[in-house]
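Structure first, commentary second.
Residue numbers (this note's numbering): 127 to 574.
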């Protein structure tokens, strides 16, 4: 039977587009509020004696490792643990789908777990239980929704790259609107309204997925009754590529540790030290987190056309060079905030336009590193190890996100210009490290 299409793509692509859009709406809506909720409400509630299941044990464990912590460093550690494990559990969610449940069932289980997690945020007592459900749900959902995009197309179909571009736009569409909706509700009307809106978004994503179920590809299992063919042994060139990717992944840990401050210390700075008034009206500070996806929409097509033009001129830069440049831009973005706060008293607020410029620069950095790195993994990994190498790449994101929480513990202890200088140095050092390894890395992974 001929597959139904819309705008030249299978209808299933648009089912997955809107499912992912709503899932990202729920994730980024919750993330926009998380650190503010922790610092302004939840931790004080727990420390005043009200029951938050598991919180005392968590705080005791963190303080055993890192020493006594005030509210902001403790919130930063919790943020780092949560965002880190969101990128750790997809390894197991992929295995669960491949070997036992299939992609469809695993995605549905993940969506239900995440919706429950968002709604449980309405109760302070179940806050940590809610985070656990969100982590487990994301682990089930995240790897398997993307896998189904590729399953809609036969091998070699030229529409596949365009399909992932469309899908990526769905991610950023949800990320753009969620701080505007969930952030506004949470800050202006009550935390639980914001978390509830995130939960409703996840339910809408599940409904879209169920309604369009018939348009999706069949599940693919890695375990079959057929006799497996014997894999050819890895060559020396294969091992070189694997080693090069591992080195790049380790170097990328620090990039993500600095980049993810946007949901952590930068959100606190946006709330406490930034003036969001426009013509007498004050925007909610959580709108800050809509800037990054908005700039991705604006810049990604422009950078794509520029890359194509350079390729036509024979001036294409290597992937490793682009990644070094991206990390350098991340470090440079914080120089903007150093200039903004230098010489100002702590009670003076800077214009939100400084944060707009900072976000513009680090988004440019992200676009030079994140998609380039993902593409590089698919290009140079041995075909039978692509999944494992992609999991390893995301494992670096796990470490980076956790490290973002640890670095954030210094936000309260240091003058703001010194903290932003720390972030600038870490970003620049990452870029310099990648650049220093450029020649041997290009030898290992090839001149891509």
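Even glycine gets a Cβ: it sits at the ideal position worked out from N, Cα and C. Everything numeric in this text was worked out from a predicted model, so none of it was measured.
- prompt: Which whole-angstrom value describes the C-beta separation of residue 544 and residue 383, a residue pair presumed to lie in contact below a C-beta threshold of 8 Å?
  reply: Incorrect: roughly 17 Å between the Cβ atoms, too far for contact.
- request: Just tell me which of 304, 359 and 271 has its CA closest to the CA of residue 336.
  value: Ranking the options by Cα distance to residue 336, first place goes to 271.
- prompt: Which residues in the same chain have their Cβ closer than 6 Å to the Cβ of residue 203, if we skip the five residues on either side of it in sequence?
  reply: So the qualifying residues of the chain are 188 and 531.
query: Leaving out the 5 sequence neighbours to the left and right, which residues in its chain are closer than 7 Å to residue 248 when beta-carbon positions are compared?
result: So the qualifying residues of the chain are 318, 321 and 322.
- prompt: Taking Cβ to Cβ, would you say residue 327 is nearer than 8 Å to residue 148?
  reply: It is a contact, given that the beta carbons lie within the stated cut-off.
- prompt: Between residue 407 and the rest of its own chain, which residues show a CB-CB distance below 8 Å, the 5 nearest in sequence each way excluded?
  reply: Excluding positions up to five away in sequence, the list is empty.
- prompt: Does the beta-carbon distance from residue 274 to residue 184 come in below 8 Å?
  reply: No.
- prompt: Which residues mark the beginning and the end of the alpha helix (DSSP H) in which residue 382 is found?
  reply: Segment 362-385, the alpha helix (DSSP H) holding residue 382.
field: Collapsed DSSP secondary structure at residue 413 in the structure displayed
entry: Looking at residue 413 - three-state DSSP - the assignment turns out to be helix.
message: Tell me which residues share the same chain as residue 354 and place their Cβ nearer than 8 Å to its Cβ, disregarding the 5 neighbours each side in the sequence.
response: Unreliable positioning characterises residue 354 in this predicted model, as indicated by a pLDDT of 49, which lies under 50. The coordinate reading is nonetheless provided below. Once the five neighbours on either side are set aside, residue 354 has no close Cβ partner at all.
message: What does the alpha-carbon distance come out to for the pair residue 196 and residue 454?
response: Each residue's Cα considered, the two are about 32 Å apart.
query: In this structure, does DSSP put residue 176 in helix, strand or coil?
result: In this structure, residue 176 counts as coil in the three-state DSSP scheme.
message: Judging by CA-CA distance, which residue of 488, 527 and 446 is the nearest neighbour of residue 563?
response: Of 488, 527 and 446, the residue nearest in Cα terms is 446.
- request: Count the other C-beta atoms from every protein chain shown that fall within 10 angstroms of the C-beta of residue 411, then say buried if there are 16 or more, exposed otherwise.
  value: For residue 411, the number of other beta carbons within 10 angstroms of its own is at least 16, and it is reported as buried.
task: Measure the Cβ-Cβ separation of residue 557 and residue 386 and say whether it is below 8 Å.
output: No, the pair does not count as a contact, with Cβ atoms beyond the cut-off.
- request: Confirm, please, whether the CB-CB distance from residue 154 to residue 415 is below 8 Å.
  value: Yes, the pair counts as a contact, with Cβ atoms nearer than the cut-off.
- request: Select from 175, 177 and 280 the residue whose C-alpha is nearest the C-alpha of residue 136.
  value: Comparing Cα positions, the closest option is 280.
query: Which ranges does the alpha helix (DSSP H) cover as unbroken runs of at least 4 residues, wholly within the stretch 227-294, from first to last along the chain?
result: You should have 229-246 and 253-277.
message: Rounding to the nearest angstrom, what Cα-Cα distance links residue 483 and residue 130 in this structure?
response: Looking at the two C-alpha atoms, the distance is approximately 44 Å.
field: Local conformation of residue 407 per DSSP, three classes
entry: Reduced to three states, the DSSP call for residue 407 is strand.
- prompt: For the alpha helix (DSSP H) that residue 148 lies in, which residues bound it at each end?
  reply: From DSSP, the alpha helix (DSSP H) with residue 148 extends over 137-163.
field: Counted within 10 angstroms of its Cβ, other Cβ atoms place residue 259 as buried (16 or more) or exposed
entry: Under this definition residue 259 is a buried residue.
query: For the alpha helix (DSSP H) that contains residue 318, what are its first and last residues?
result: 317-337 is the span of the alpha helix (DSSP H), which, as asked, contains residue 318.
- prompt: How would you write the range of the alpha helix (DSSP H) that residue 544 sits in, first residue to last?
  reply: Looking at the DSSP string, the run of the alpha helix (DSSP H) that includes residue 544 is 542-562.
- prompt: residue 89 by DSSP, collapsed to three states: which one?
  reply: This structure cannot settle anything about residue 89, because the visible part of the chain is limited to 127 through 574.
message: Since residue 178 and residue 239 should fall inside the 8 Å C-beta cutoff, what is the C-beta to C-beta distance between them, to a whole number of angstroms?
response: At roughly 20 Å, the Cβ-Cβ gap does not stay under 8 Å, so residue 178 and residue 239 are not in contact.
query: How many Å lie between residue 418 and residue 359 at the Cα?
result: Their backbone Cα atoms lie some 43 Å apart in a straight line.
message: Can you tell me whether residue 198 is buried or exposed? The criterion is at least 16 other CB atoms within 10 Å of its CB, across all chains shown.
response: For residue 198, the number of other beta carbons within 10 angstroms of its own is at least 16, and it is reported as buried.
task: Tell me whether residue 192 is buried or exposed, calling it buried when 16 or more other Cβ atoms sit within 10 Å of its Cβ.
output: The residue is exposed, with fewer than 16 neighbouring Cβ atoms inside 10 Å.
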